[in-house]
Amino acid sequence: MPTRMVSITHALRNVSLTLLALVAMSAHAGVIEPVRGQLDPTDKGYALISQFAIDLGSSLEDALSRGVPLVFTLEFTIERKRWYWFDEQIVHRTIDYRLSYNALTQQYRLATEGRQDSYATLADALLMLGKVDGLVVAEKKAIRLGNAYTAELRMSLDKRQLPKPFQLDALASKDWQVEAIPLNWQFAPGVVGR
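In structure tokens, the structure reads:
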């Protein structure tokens, strides 16, 4: 009887180790994490400078390499705190970025607001997707001296713009989830940054 119990214990341990290995080898979900964000005053207004570290995860990378375009949305807001009422939203801006792969040219294409660029590697395309440099997000008159503001910056995968057959996968599978971590910071004119 004890040898039978030992063999069952060994078998259960082997099965659990196998399942654990399969889970570890399965596709991992992606993450979009802000590395930095700041507003710089310019002649035209306030310009956003930011950088995101983007990891799509293996399922999204595979779908992209098979020709499924991915749309990412950059969302930026500025709010002014008010003690007597709800916070006042000063700026709300969204920009869509479309990332696709062309199998014929073997290049990744990144398109936004009428501009389109090609990259040889996915790493280069993701680096440029995550970089915002000098995008004017607010007019100077929108931000008043002496007031404190809160800025929020987020980039996320827009699952609604996936091709219809993939939208169900994106809702049901964790492999298609991309965690979008927001970046919040306080600033006042003259004291800008993270």
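Each position in the sequence shown, counted from 1, maps to that position plus 196 in the working numbering.
Ideal placement from N, C-alpha and C gives every residue a C-beta, glycine not left out.
Who are the Cβ neighbours of residue i in its own chain at under 7 Å, not counting the five residues just before and after it?
i, result
"Gln373", "Ala225"
"Ala344", "Lys277, Gln382 and Ala384"
"Ala321", "Leu295, Tyr304, Leu306 and Tyr315"
Within its chain, find whatever has a CB closer than 8 Å to the CB of residue i; leave out the 5 residues flanking it on each side and keep chain order.
i, result
"Thr238", "Gly330 and Val332"
"Asp354", "Val267, Phe268, Thr269 and Asp292"
Which residues share a DSSP beta bridge with residue i?
i, result
"Pro291", "For the record, residue 291 in the displayed sequence is Ile; it is not Pro. Note: Ile291 sits in a beta bridge opposite Leu270."
"Pro230", "Phe248"
"Asn343", "Paired residue(s): none; Asn343 is not in a bridge."
"Asp313", "Leu306"
"Gln382", "Thr346"
"Leu325", "DSSP lists no partner for Leu325."
"Asp236", "Ala243"
Leaving out five residues before and five after residue i in sequence, what residues of the same chain have Cβ atoms less than 6 Å from its Cβ?
i, result
"Leu341", "Pro385"
"Ile377", "Glu229"
"Asp283", "Glu275 and Lys277"
"Ser314", "Gln303 and Arg305"
Residue i and residue j look like a contact to me (Cβ under 8 Å); what is the Cβ gap, rounded to whole Å?
i, j, result
"Tyr304", "Tyr293", "Contact flag wrong, Cβ pair sits at about 12 Å."
"Arg350", "Glu271", "5 Å"
"Glu273", "His288", "The question names Glu, but residue 273 is Thr in the sequence shown. Between His288 and Thr273 the Cβ distance is about 5 Å, and since that is below 8 Å, they are a contact."
"Tyr242", "Ile339", "6 Å"
"Val231", "Ala249", "5 Å"
"Lys327", "Gln247", "6 Å"
For residue i, does the three-state DSSP call read helix, strand or coil?
i, result
"Arg356", "helix"
"Glu257", "helix"
"Lys336", "helix"
"Leu176", "Residue 176 is absent from the structure shown; the chain starts at 197 and stops at 390."
"Leu300", "coil"
"Arg276", "strand"
"Gly263", "coil"
"Met221", "Any reading at Met221 needs caution, since the residue's pLDDT is 37, under 50, leaving its predicted position unreliable; the model's value is listed next. Residue state, collapsed to three classes: helix."
What are the boundary residues of the beta strand (DSSP E) that includes residue i?
i, result
"Val374", "Val374 to Ala376"
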